[in-house]
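Asks: Taking this note's numbering, I'd label the letters of the sequence shown as residues 233 to 331. Backbone N, C-alpha and C define an ideal beta-carbon position, used for all residues, glycine too.
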Amino acid sequence: IPKYAPNSVLGKLGEGGAGGDDDDEDSDEEEEEVSGGGGGYTLEEVAKHATKSDCWVVVNGEVLDVTSFLSEHPGGELAILTFAGKDASEEFNMIHPPD
């Protein structure tokens, strides 16, 4: 990912434990969004960001905000928007050679 969109990484998928809060229900999603990648993200949270103006994807366990990268993507915006709010790892790895 650093090779393609280095400023897009928000954090890891599913690391949990943001800010030492042991309550894994209710407000974790909001806290994760506010605190950045501090505690990890859920696929449920990623799914909330599935538009051209707010586009997150997961690639190999990393949550990426690719909104500003859409217009720069050599394969076009649609290639990314198809996976907006989802795990795009399989498709990404099929197309992009490993580092």
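Considering Cα atoms alone, identify which of PRO330, LEU302, ILE312, ASN292 is closest to GLY246.
Replies: For GLY246, the nearest C-alpha among the options comes from ASN292.
Asks: How long is the line joining the alpha carbons of ASP331 and PRO234, rounded to whole angstroms?
Replies: Taking the straight line joining both Cα atoms gives about 9 Å.
Asks: Starting from the Cα of THR283, find the closest Cα among GLY243, GLU304, ASP297, THR274 and give me that residue.
Replies: Of the candidates GLY243, GLU304, ASP297, THR274, the one whose C-alpha sits nearest the C-alpha of THR283 is ASP297.
Asks: Under a Cβ-count criterion, where at least 16 other Cβ atoms within 10 Å of its own Cβ denotes burial, should LEU275 be classed as buried or exposed?
Replies: Classification of LEU275: exposed, given that the 10 Å Cβ count is below 16.
Asks: Given ASP319, which residues of its chain have a CB within under 6 Å of its CB, disregarding the five upstream and five downstream residues?
Replies: Here the set comprises VAL290.
Asks: Using a Cβ-Cβ cut-off of 6 Å (strictly less than) and excluding sequence neighbours within five positions of SER321, which residues of its own chain qualify?
Replies: VAL291, ASN292.
Asks: Mapping DSSP to helix, strand and coil, what is VAL298?
Replies: Note: VAL298 maps to coil in three-state DSSP.
Asks: Which residue or residues does DSSP assign as beta-bridge partners of THR283?
Replies: ASP286, per the DSSP bridge assignment.
Asks: LYS244 bridges to which residues according to DSSP?
Replies: In DSSP, LYS244 forms a bridge with GLU294.
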